[in-house]
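Notes follow the structure.
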Amino acid sequence: MIEREPASAPPNEPIFNVPWPVLAVSGVLIALHLALQWMSVAEAERVLVALAFIPARYSGYAADIPGGGLASATAFVTHMLVHGDTTHLAINTAWFLAFGSVVCRRLGAAWFMAFIACAAAAGATAFLATHVGEFTLMIGASGAVAGLMGAVMRFLFTAIDRRQGYLLSKAPQLIALMPLGQTLGDRRVIVASALFIGINLLALVGFGLMGSAGAIAWEAHLGGYAFGLLAFGLFDPAAQHVSPSAPDLE
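Every letter in the sequence shown is one number past the one before it in my numbering, and letter 168, counting from 1, is 206.
Written out as structure tokens, the structure reads:
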């Protein structure tokens, strides 16, 4: 009778296979939202306005708005930390976990944090360009999330073409970055981008209200997405080390 050695147990997989920077940012979004619920109405409004992006700050009214001159600089990023309601927070957090996990694994913690900050700022800049001087509050992480979507476009279809889709969840840094010129001419990227733009532009014709939180800041979405699509290569150290002809890994 031949005895067989017992098969070794498979390694334990983490329950939440999400990089810690993504979890940390998501935790801050949730914690701050909960904290605002515990504050008085006046206190919560003051904190929200101080963190929000308000175009009027840049038209001579910064001193009259909570946050003062400091917020004129910080609001380009801090607006992503606050949300209008629980639904707004839940949607942004879910998309942030999905796209942020892939991009964070590829970039590493430091580059990832720099990227989402710049994507948020790009979204705010696009919003400013279309609301100059207005006392309109823009809040939420949607611009940063849109930037992550644009970033994924730069290597998603390379993975599909080379049957490396499994690397998106395991080691996205091993997927070759699609050159910018090729990206802008790729029919799949064009179609995906057109759909994204079309969905956001529906806000212009009456679609796009987010519960009681107000209208969707479609300009911030488009600004963040364009930044992610066009500028991701500047943040991507993997692009310097992965050959376009890199072999598939088992």
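Here a beta-carbon is modelled for each residue, glycine too, at the ideal position from N, C-alpha and C.
Query: Cβ separation of D224 and F265, assumed to be a contact under 8 Å, to the nearest whole Å; Result: Incorrect: roughly 18 Å between the Cβ atoms, too far for contact.
Query: Cβ-based burial, T131 [other Cβ within 10 Å; buried from 16]; Result: buried
Query: Of the residues V170, L218, G185 and V141, the one placed nearest A158, counting alpha carbons only; Result: G185
Query: Local conformation of F193 per DSSP, three classes; Result: helix
Query: With 16 other Cβ atoms within 10 Å as the buried cut-off, status of M191; Result: buried
Query: Three-state secondary structure (DSSP) of M216; Result: coil
Query: For L166 and P104, believed in contact at Cβ under 8 Å, the rounded distance; Result: About 18 Å; that fails the 8 Å criterion.
Query: Nearest-angstrom Cα separation, counted from V120 out to L86; Result: 7 Å
Query: I213 vs A189 beta-carbon contact at 8 Å; Result: no
Query: Nearest-angstrom Cα separation, counted from V60 out to G249; Result: Note on G249: pLDDT 36, under 50, position unreliable in the model; no value is reported.
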